[in-house]
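J.:
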Amino acid sequence: MSRAVNRADLEEVHAEFYAAFEAGDFDRMADVWADGPYAAGVSCVHPGWTMLRGREEILRSWALIMANTAYIQFVLTDVETDIYGDHAVVTCKENVLTADEDSETGFLAGGSIVATKLFVRVDGQWRLLLHHGSPVLNPADIEEE
């Protein structure tokens, strides 16, 4: 497999993670995460949450998040991809826009998260082993401390 194809496949799975989340599509999200011999070792840290470990626990968290997210959109910046044989690391800044359709004003909020993902290639397919998201503080918030 050529290096360019390998990178393109990884970038496609990375994009699918966000597309599944934006669509609230649990099945698509489940397809991104590693399973089989890796199922027990997958890990996820949602911003502000403690570490989740194991495919079942992680997918349960995604079901809960998706059920309670009326609208979310991501604009990714600073995306960096590094491939090490059958493992890859992708880092990025997630610029997030959310809305609450149930409120009178359709409340809209935004923020930024830095994210790190570790992927493994299994049977020629990239699958997510670890996702860690950490909120980026607003510079005004830092000055107040």
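Just so it is clear: in the sequence shown, position 94 is 94 by full-length UniProt numbering, and no numbers are missing.
C-beta: ideal position from N, C-alpha, C; glycine also.
Among the candidates Leu118, Gly133 and His132, whose CA atom is the shortest distance from the CA of Trp126?
T.: Per the Cα distances, Leu118.
J.: Kindly indicate which three-state DSSP category Pro135 falls into: helix, strand or coil?
T.: Here Pro135 sits in strand by DSSP.
J.: So what's Asp35 in DSSP terms, helix, strand or just coil?
T.: Asp35 falls in the coil class under three-state DSSP.
J.: What is the C-beta distance between Phe26 and Met51, in whole angstroms, given that I count them as a contact (C-beta under 8 Å)?
T.: Not confirmed; about 21 Å, so no contact.
J.: Indicate the three-state DSSP secondary structure (helix, strand or coil) for Asp9 in the structure shown.
T.: Of the three classes helix, strand and coil, the one that applies to Asp9 here is helix, per DSSP.
J.: Among Glu94, Arg121, Gly124 and Asp35, which one has its Cα closest to the Cα of His46?
T.: Minimum Cα distance to His46 is reached at Glu94.
J.: Compare the Cα-Cα distances from Trp62 to each of Ala115, Gly24 and Gly133 and report the closest residue.
T.: The candidate whose alpha carbon is nearest that of Trp62 is Gly24.
J.: Starting from the Cα of Cys44, find the closest Cα among Leu137, Ile58 and Gly111 and give me that residue.
T.: Per the Cα distances, Ile58.
J.: From Asp31 to Ile113, what does the alpha carbon distance come to, in whole angstroms?
T.: Rounded to the nearest angstrom, the two C-alpha atoms are 23 Å apart.
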